[in-house]
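Undergrad:
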Amino acid sequence: MYGRGLRPLSIATVLALIGAFSLVFFYAPNDADQGFVQKIFYVHVPMAIVALGGFVFGAIMAIQHLRTGDRRYDMRSYVAIHLSIILGLGVLVTGSIWARASWGHWWVWDEPTLVSFLIVFLLFSCYQPLRFSIEDPERQARYASVFAITAGAFVPLNFLAVRLAQAYTHPRVLGTTGGDMPGSMRVTFLLSLVAMALLFTTLGKYEMASKHAGQQLRALRARLAAQATAR
Amino acid sequence: MSPARALLAKDLRAELRARQSVPAMALFSVTAFVIFHFGLDRATIEGDLASGVLWVTVLLAALLGINRLFVAEEEEGGFDGFLLAPVDRTAMLVAKAAALLLYLLLVELVAIPAFALLLLGPGLGQALPELLAVVLLVDVGIAAVGTLVAALAVHARARELLVPLLALPLLLPVLIGAARATTPLLLATGAEPVPGRWLGVLGLYDMVFGLLAYALFDFLLED
Chain A
1 MYGRGLRPLS IATVLALIGA FSLVFFYAPN DADQGFVQKI FYVHVPMAIV ALGGFVFGAI
61 MAIQHLRTGD RRYDMRSYVA IHLSIILGLG VLVTGSIWAR ASWGHWWVWD EPTLVSFLIV
121 FLLFSCYQPL RFSIEDPERQ ARYASVFAIT AGAFVPLNFL AVRLAQAYTH PRVLGTTGGD
181 MPGSMRVTFL LSLVAMALLF TTLGKYEMAS KHAGQQLRAL RARLAAQATA R
Chain B
1001 MSPARALLAK DLRAELRARQ SVPAMALFSV TAFVIFHFGL DRATIEGDLA SGVLWVTVLL
1061 AALLGINRLF VAEEEEGGFD GFLLAPVDRT AMLVAKAAAL LLYLLLVELV AIPAFALLLL
1121 GPGLGQALPE LLAVVLLVDV GIAAVGTLVA ALAVHARARE LLVPLLALPL LLPVLIGAAR
1181 ATTPLLLATG AEPVPGRWLG VLGLYDMVFG LLAYALFDFL LED
């Protein structure tokens, strides 16, 4: 059921990733003042957007779970948050490398987007410890959903507070994506974003399929064991 | 008597008899000021440093109270008794948040004079009304988020570990707002007015998380 359409989706993901990386290396021009290192932008920013989108998606699925009581929504919420945490680690590492290359420091506190992202990442990192320290599976799902919704609502408030805290001393002139990009950069960026979103979807579908298969296997084993004892 | 009032009265009576949370929180905050004195190696502090020390201490002291908030319910079967009673479940949220708010106010009644006495360079006199407004906004935020986090973590195995891990990132906007709003009040050159936008951020935070706790709390009690 969850395995349907996985093959074409995987192929599309691989093609999009190859296409995005070829554009990054052979088509997009080097940045005028940052040079080659600016190309990490095509990995870092799409990853950050997809990770934040994943957190929000996880929160929406958690709302659906609490409203309907359907465990499949909880599974979706879990998978989305789980993958977003992994992507989030990538965002922090690439962001740190980019900061080192262009500003000379591994970490800068006056970059509000990066700082807010760190806080959001730290909060969502508690999702799994919380979830797996509750034993009852039904309560586990419910509590994890409540946490996912709280954390999801926290994301915009946190960005607001951190950005205001920076604006107090450092007025920002440009947005993080650099205002207006030349067309070739924009195309490359958009394709990278699509490729990253596809990668997220494919990995999510794989994890859902594997979790579903695992559940089915356990149910079948239990039935087999019941039959064996009945005989 | 409404269910929320009855629950709050029960909590306050238990606290008055056992004295579990408030004395520990107050003692902790005074100890923290001593620790900051030696850690920073400063006799007096002012401005942003003073406001940071004050609010970090309050936040950490609040964690102690949040940790204990539902423990009696969990250990002595209070949840079961409450769920059997034909009352609205929100009553529990309101009562617990009000209890936490009261604890925080009591702790600050000790902690802020102790801070002024032990560490603060400039006097606190003229800044008091504005400080009170910040304190109230901060405490409402901590009470709403703290009650939600305490209820989330109470059935978990590693409860004492989870509460700070969950509460500290969630309360960061409160810390930012509180520290920035208090800084002008504690300047060595005399108090300046509080920037309104930080009061706005704190108010917005209180509203969002108050509504969120109200909407989500029922799901934490279902059994």
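Chains A and B supply the protein sequences, listed in that same order.
Take the first sequence: its position 74, counted from the start at 1, is 74 in our numbering, and no numbers get skipped.
Count along the second sequence from 1, add 1000, and you get the number used in our numbering.
Ideal Cβ placement from N, Cα and C applies to all residues, glycine included.
Here the structure is a predicted model, which is why all the values come from computation and not from measurement.
In chain order, what are the residue ranges of uninterrupted alpha helix (DSSP H) at least 4 long that sit wholly in the region 1128–1211 of chain B?
TA: Look at the region 1128–1211 of chain B and you find these whole runs of alpha helix (DSSP H), each 4 residues long or longer: 1128–1153, 1159–1170 and 1172–1182.
Undergrad: Need the endpoints of the alpha helix (DSSP H) that residue 1067/B sits in, please.
TA: 1047–1068
Undergrad: Under a three-way DSSP split, which group does residue 1125/B fall into?
TA: helix
Undergrad: Classify residue 215/A as buried or exposed, calling it buried when 16 or more other Cβ atoms lie within 10 Å of its own Cβ.
TA: exposed
Undergrad: Report the neighbours of residue 147/A on chain B: residues whose CB is nearer than 8 Å to its CB, in chain order.
TA: Within chain B, the residues near residue 147/A are 1152 and 1166.
Undergrad: Taking the Cβ atom as the reference point for each residue, do residue 1152/B and residue 143/A lie within a distance shorter than 7 Å?
TA: yes
Undergrad: Determine the extent of the alpha helix (DSSP H) in which residue 1094/B is found, giving its start and end residues.
TA: 1090–1118
Undergrad: Can you check which of these residues, 1122/B, 1209/B and 1072/B, is closest to residue 1018/B by C-alpha distance?
TA: When only C-alpha atoms are compared, the closest one is 1072/B.
Undergrad: Does any CB atom of chain A fall closer than 7 Å to the CB of residue 1169/B?
TA: yes
Undergrad: Just checking: is the beta-carbon of residue 1176/B within a distance shorter than 7 Å of some beta-carbon in chain A?
TA: yes
Undergrad: Give me the Cα-Cα distance between residue 1222/B and residue 1052/B, rounded to the nearest whole angstrom.
TA: Within the model, the alpha-carbon separation for residue 1222/B versus residue 1052/B is close to 39 Å.
Undergrad: Pair every Cβ in the region 1081–1091 of chain B with every Cβ in the region 1165–1172 of chain B, then say whether three or more of these pairs are closer than 8 Å.
TA: By the Cβ rule, the region 1081–1091 of chain B does not count as touching the region 1165–1172 of chain B, because fewer than three pairs are nearer than 8 Å.
Undergrad: How is residue 1015/B classed by DSSP in three states: helix, strand or coil?
TA: helix
Undergrad: Got a sec? Which residues, its chain only, sit under 7 Å from residue 211/A by beta carbon, not counting five neighbours each side?
TA: 75
Undergrad: Using CA coordinates, which residue listed in 125/A, 7/A, 44/A and 50/A is at the minimum distance from residue 197/A?
TA: Nearest to residue 197/A by C-alpha distance, out of 125/A, 7/A, 44/A and 50/A, is 50/A.
Undergrad: Helix, strand or coil for residue 31/A per DSSP?
TA: Residue 31/A falls in the strand class under three-state DSSP.
Undergrad: For residue 134/A and chain B, any beta-carbon pair shorter than 7 Å?
TA: At a cut-off of 7 Å between beta carbons, residue 134/A contacts chain B.
Undergrad: Of all the residues that make up the region 111–140 of chain A, which are near chain B by a beta-carbon distance shorter than 7 Å?
TA: 119, 122, 123, 126, 129, 130, 133, 134 and 139
Undergrad: Please list, in chain order, the residues of the region 3–35 of chain A that have any C-beta partner in chain B closer than 8 Å.
TA: none
Undergrad: Compare the C-alpha of residue 87/A against each of 148/A, 136/A, 44/A and 31/A and name the closest.
TA: 44/A
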